[in-house]
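Numbering (this note's numbering), first residue to last: 520 to 941. Backbone N, C-alpha and C define an ideal beta-carbon position, used for all residues, glycine too. To keep things clear, I will list the structure first and then write my remarks on it.
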């Protein structure tokens, strides 16, 4: 569940310029091989066995494959309280070994899904443990959210709501993906008639690689995990981002398009390129970050970013004057001359949360399926607490979307007064 996209093969003999920062995600071992600094986790052995048997299976350290035997059965409570609790110490021991082997660890990245039992229940349990032991490190999650149409788990709203309750409290940056948006990009933009898991995962991996570019390669105006959080998160709870990647072109159209900076920036901000099923035009950007890769002129980048911000000024909150951050790396992705990755802290992300709340309420009003959760030692009060927490988050996003600069400053003063009174 904790893993990283590998852009460089495990045994490298050339491209030495790209190896300056390979130790960020890899450990060098004997024979000139590089082993990913990753822990792969599941509550059942099936998925782990598939990874071991794949062409990438030999790249990982065998000790860092950790799995249970019974699985979570699509039950958040099983992954969080029973099966997951038994495996958590083994996972944390593997994480601790990797952490102690680092010279200057910045934080953690967790990849998981919120619809099932392992990614939601066990994933959030690991987040709790990481926050307790490494409270001063950045915790970043890449989370696959429930989709309105693509779903194969009946209790998905329960799992997603309980997971969101934990993500709000225990992550510093959370990147939101959902299968519906990924399917839409594959079919409408990339013109793939029947997308498979490789196509969907490829979009997520390209985005992850773009976000972490500045950690792995040298470049102009670089950023790291902490700088990204400082510039992207205006308030602690509002740390959920939408993302996009460019260029996204079908094979038929790729040879007829020139990848100019202006075209990249336009596609990055296009709602059809967003990998979460929400429309940014219905909300406002609190903050924005763009990572560009390849030989691009920072003068052109700054000009086109300024033009776009001026043209769509109504899409940005007025109380953050300089809310666009840009980073540039000179090393392009394989097979491309230039590419870009977009991160937006947009208030429209609450659309995804509201859909989860609506579907949750429909089932929870009848207390349907709740016996499976209480049977694992969970209290029904946890559902209510999670629901209230997520509703408060949606309210916060709407408040900062609608208020002007003067109103927001008054709200901040009131919140500070309440803290001092406590």
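- Residue pairing by DSSP places residue 865 opposite 804 in a beta bridge.
- A check of alpha carbon separations from residue 721 across 743, 698, 595 and 831 identifies 698 as the nearest.
- For the alpha helix (DSSP H) assignment, the uninterrupted runs of no fewer than 4 residues enclosed by the segment 694 to 770 are, from N- to C-terminal side, 698 to 703, 716 to 730, 732 to 735 and 744 to 751.
- For residue 892, there is no enclosing beta strand (DSSP E); the residue is found in the alpha helix (DSSP H) stretching over 889 to 893.
- In this structure, DSSP gives residue 621 a state outside helix and strand, which the three-state scheme calls coil.
- Between residue 614 and residue 673 the beta-carbon gap is near 32 Å, outside 8 Å, which marks them as no contact.
- Under DSSP, residue 661 takes part in a beta bridge, and its partners are 630 and 694.
- Approximately 6 Å separates the beta-carbon atoms of residue 871 and residue 664; this is inside 8 Å, confirming the contact.
- Residue 669 sits in coil when the DSSP states are folded into three classes, being neither helix nor strand.
- Taking 8 Å as the cut-off, the beta carbon of residue 922 is found no closer than this to the beta carbon of residue 867.
- Two segments are said to touch when three or more pairs of C-beta atoms, one from each, lie closer than 8 Å; by this definition the segment 816 to 836 does not touch the segment 707 to 720.
- With contacts defined by Cβ atoms closer than 8 Å, residue 758 and residue 829 do not form a contacting pair.
- The beta carbon of residue 876 sits closer than 8 Å to those of 680, 906, 909, 910 and 913, all from its chain and outside the five residues before and after it, given in chain order.
- Rounded to whole angstroms, the separation of the alpha carbons of residue 703 and residue 736 is 31 Å.
- As DSSP reads the structure, residue 791 sits in no beta bridge.
- Here the alpha carbon of residue 560 sits roughly 5 Å from the alpha carbon of residue 585.
- Here residue 840 is exposed, its C-beta having fewer than 16 other C-beta atoms within 10 Å.
- Residue 701 and residue 794 do touch by the CB rule: their CB atoms are close to 6 Å apart, below 8 Å.
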